[in-house]
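Heads up: the sequence shown runs through residues 6 to 852, numbered per this note's numbering.
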Amino acid sequence: MANSSDPSSCLSFTSSPHISNASITPNSSASDPPPTPDLLTNLSSNLGRLLADSGGDYSDAEITVEGVPVAVHRCILASRSEFFAELFRRENGDSEQEGKPKYCMSDLLPFGHVGYEAFLVFLSFVYTAKVRDFPVEVSSCVHNVCGHEACRPAIEFSLELMCASSVFGMPDLVSILQRQLIDFVLKALADDVIPILVVAFHCQLSQLIDQCIERVAHSDLDSISLEKALPDEVVEKIKILRRNSQHCCDPNMPAVDPLREKRIRRIHKALDSDDVELMKLLLTESDVTLDEANALHYAAAYCDPKVVAEVLGLGLADVNLRDSRGYTVLHIAVMRKEPSIIILLLSNGARASEPTLEGESAVSICRRLTRQKDYHTKTERGQEANKDRICIDVLEREMQRNPMAGEASISSQITPNDLHMRLLKLENRVAFARLLFPAEAKLAMAISQADTTPEFAGISSLKGSSGNLMEVDLNETPTVQNKRLLSRLESLVKTVSMGRHYFPHCSEVLDKFLQVDLPDLCVLETGTTDEQKIKRQRFLELKEEVQKAFDKDKADKNLSGLSSSSSSLPPKKVGRKSKVMTIKSYQNQAGVLVKNYLLADPFIPYTSVIGGIILCKMVYDLTHLISTFYIKAYGSLTKIQRIEWNSRGISSIHAIFITALSLYFVFWSDLFSDQQHLGLITFRSSPLSVFGLGVSVGYFCSDLGMLLWLYPCLGGMEYVFHHSLAGIAVAYSMFSGEGQLYTYMILISEITTPEINMRWYLDTAGLKRSSAYLLNGIVIFLSWLAARILLFGYMFYHVYLHYDMIIQMHTYGYLLVFVVPSVLAVMNLMWFGKIIKGLMKQLAKMQ
Ligand SMILES: [Zn+2]
């Protein structure tokens with residue numbers, strides 16, 4: 006929430022003199038008259054200038070953070086923080102060193118992590134007693150429609166700041182941050198609360214710890230992930246809380262079998278010690294299967310990639326299995342942000358487009374976890390690329406290659422227990438949706454055909470909302486039943502994702518309702534009359550929220566149908582905040598609009614082809630005009646010769662244009678460089694590259710038109726064949742975006758066209774015996790050698806190196822890269838032989 010684009014940051018944050026005043030007042034003695042806020046503001050901004058480094062460098066120490074040295078003033082740090090006072094005192098006692106004393110951030114911190122940007126914000130608070138706006142690039146994610154209210158980067162940045170202010174003893178900042186983090190706890194996903202809880206525990210922030218524990222206890226986070234991430238005493242507290250609330254809330258919870266639980270734990274322990282052999286032994290000993298133990302999920306979350314590979318290698322695991330929370334193994338790997346495991350899973354058949362129960366794909370999970378800085382940092386050549394960025398690229402590449410894979414049916418190997426849990430959850434969600442948003446729910450269900458499949462009879466909390474829920478057919482065999490339930494599951498998952506797609510705000514309200522309010526409402530059902538009153542009031546509030554969300558969805562729909570997935574802003578506080586959020590949602594939509602319609606301009610191919618044709622006509626007329634005035638021989642040519650003369654003008658200009666562009670793309674531009682991580686080289690394109698190819702297609706069209714119009718005066722069948730082939734190949738590459746690099750490499754061979762044309766001009770103008778003719782011949786020889794022989798060799802070598810990417814292209818693209826260049830290479834070699842012969846003849850004549 007605290008980035009500069011968000012005006013609400015000034016509300017919750019204390020850039021106002023009001024709080025900075027409060028943080029300083031305790032230091033002034035009671036007898037002094039209180040200083041006016043103006044003077045304090047001046048003092049604060051003057052001290053802040055020390056950091057801005059504008060008027061000379063008076064710093065006397067250096068703290069290195071993430072490899073970057075930050076200059077600091079010891080007197081200020083020591084006067085504001087006990088920690089630094091102690092640190093500098095100790096250092097001074099040692100001995101007088103030469104130069105400024107240097108410190109390293111990682112040596113100063115007993116726990117946690119503080120990044121460079123977070124340290125700068127911290128320093129600015131130390132100097133000025135004001136909280137500066139958080140830098141956007143480290144406190145927001147790269148998800149298209151995220152409002153960055155409580156996404157992982159925003160949380161992590163606050164946590165870094167919290168670490169710094171807690172360790173270095175800035176209680177004012179700690180309390181400001183604690184308020185913000187408590188706000189995060191309410192809004193964030195349950196998984197994102199874990200890191201907050203860890204930091205809160207280390208910093209001993211009891212209020213924040215309680216909030217986190219409350220939230221985690223009511224979430225569906227499983228005990229394994231809690232035990233892995235949290236200190237024992239916290240886990241214990243959560244467990245007690247859960248045990249207490251379970252009795253009154255969920256009597257239908259399936260009972261756990263302690264023996265089975267123990268066996269599963271053993272399997273996990275075997276994985277912990279990287280012992281896949283032991284795990285195999287345990288599996289054969291017990292009746293627990295690999296999938297029932299969620300062993301692959303466990304390995305993907307906590308083990309070395311090698312262990313994941315070994316587990317996959319057993320061939321026993323279903324890669325697309327969902328765990329009790331509805332996550333596939335890929336979702337788990339994405340949350341861990343480990344590219345090697347992601348690639349491993351994808352290559353073993355994991356479906357990248359499979360959504361979570363909340364309708365999020367793996368890519369969108371990943372984007373929500375990735376900081377803008379990590380995504381946009383350009384990697385230097387030879388330097389290791391950012392892992393987060395690779396994860397996103399890998400997943401997007403996979404989606405591009407196989408976008409329909411997610412439509413495949415839900416795994417049939419799902420365990421009955423899992424199936425019932427998931428059905429119950431989804432059935433609940435859809436039932437609430439029908440209660441709260443009847444019209445939208447009906448639509449979403451109709452699209453997903455959820456209204457035709459029989460309902461799963463397990464809804465306990467909504468008795469009576471529908472007539473025949475508890476009806477059970479006793480004649481049904483288990484397989485038939487399983488099939489029926491699976492088809493129900495499939496249609497429910499689709500319903501939820503449809504709802505998310507078309508009614509994002511309604512879905513948000515529903516999310517919040519199911520996460521936060523439902524447990525409370527259930528508990529209050531048995532409460533006193535006062536509590537029931539509160540409950541009723543909350544229900545009325547909820548209804549109001551529902552109406553608002555509905556209006557918003559309707560307004561959005563009228564504006565555009567673009568919002569593709571839900572944003573993470575739960576409509577919480579009304580008034581100014583909701584206005585801010587409305588503005589933000591418009592901003593998001595504008596962003597999507599620009600991205601979908603302007604940058605990826607679908608009209609570029611057409612406009613550029615038409616532009617190319619018009620340019621050809623212009624060049625034709627210009628050549629005619631210039632030649633009439635400046636070339637004497639032009640006047641004495643026949644009509645057909647003049648037409649050919651002008652059309653060669655077109656081909657020369659086109660050749661120069663396309664050669665320049667090709668050289669730029671192949672040798673200078675970053676677009677097709679291996680160091681860029683923009684997806685497969687064979688699938689890369691940019692508006693400029695599409696435009697260039699479009700102009701070229703326009704040229705081929707108009708030239709072909711002239712060939713046919715005056716057939717066979719300008720050229721025979723072989724020219725028609727060549728131009729059609731070239732035109733089709735370039736057009737395919739332009740429209741599909743495939744293999745543009747190779748298209749441009751081949752187009753470099755156009756560099757010889759102006760010289761060939763020059764030869765014809767000289768010939769036609771009767772200058773066959775001039776030295777210009779000979780010079781032109783040599784230039785033809787050299788450029789032909791470079792562009793049509795050596796470059797082709799380079800191209801085939803490039804194809805060889807990137808073969809793995811090329812086989813992923815469509816069949817036409819594949820043919821384009823292999824057949825066309827091979828044919829051209831053979832033709833080029835034959836012509837080259839002729840050129841050498843001709844040149845030899847000429848040289849012999851001259852001597
Ligand atoms: Zn975000």
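Glycine is no exception: its CB is placed at the ideal position from the N, C-alpha and C atoms. Computed from a predicted model, the values in this text were never measured in an experiment.
Contact under 8 Å by Cβ, residue i with residue j
| i | j | result |
| --- | --- | --- |
| residue 767 | residue 778 | yes |
| residue 815 | residue 743 | yes |
| residue 209 | residue 187 | no |
| residue 427 | residue 331 | yes |
| residue 753 | residue 612 | no |
| residue 337 | residue 298 | no |
| residue 275 | residue 264 | no |
| residue 735 | residue 693 | no |
| residue 81 | residue 132 | yes |
| residue 90 | residue 83 | yes |
| residue 617 | residue 738 | no |
| residue 373 | residue 79 | no |
| residue 642 | residue 748 | no |
| residue 178 | residue 124 | no |
| residue 837 | residue 794 | yes |
| residue 376 | residue 151 | no |
| residue 174 | residue 230 | no |
| residue 654 | residue 635 | no |
| residue 786 | residue 826 | no |
| residue 334 | residue 354 | no |
| residue 162 | residue 139 | yes |
Residue range of the unbroken beta strand (DSSP E) whose run includes residue i
| i | result |
| --- | --- |
| residue 68 | 66-70 |
| residue 150 | It is not in any beta strand (DSSP E) - residue 150 carries neither H nor E in the DSSP assignment. |
| residue 73 | 73-77 |
DSSP three-state assignment for residue i, whether helix, strand or coil
| i | result |
| --- | --- |
| residue 270 | helix |
| residue 109 | strand |
| residue 236 | coil |
| residue 770 | coil |
| residue 610 | helix |
| residue 333 | strand |
| residue 833 | helix |
| residue 137 | coil |
| residue 356 | coil |
Span of the alpha helix (DSSP H) around residue i
| i | result |
| --- | --- |
| residue 193 | That residue, residue 193, is in no alpha helix (DSSP H); it is neither H nor E in DSSP. |
| residue 284 | 281-290 |
| residue 377 | 377-381 |
| residue 808 | 808-811 |
| residue 167 | 157-172 |
| residue 51 | 42-57 |
| residue 317 | 310-318 |
| residue 855 | A question about residue 855 goes unanswered here, because the residues of the chain that appear run from 6 up to 852. |
| residue 776 | 776-788 |
| residue 393 | 392-406 |
| residue 370 | 367-374 |
| residue 638 | From DSSP, residue 638 is part of no alpha helix (DSSP H); its letter is neither H nor E. |
| residue 298 | Element bounds for residue 298: n/a, residue is neither H nor E. |
Entirely enclosed alpha helix (DSSP H) segments - the segment 643-718, minimum 4 residues: Fully enclosed alpha helix (DSSP H) runs of no fewer than 4 residues occupy 644-668 and 692-714 of the segment 643-718, in order along the chain.
Unbroken stretches of the alpha helix (DSSP H), 4 residues or longer, contained in the segment 715-758: Annotation: the segment 715-758 contains the following complete segments of the alpha helix (DSSP H) (minimum length 4 residues), in chain order: 722-741 and 745-752.
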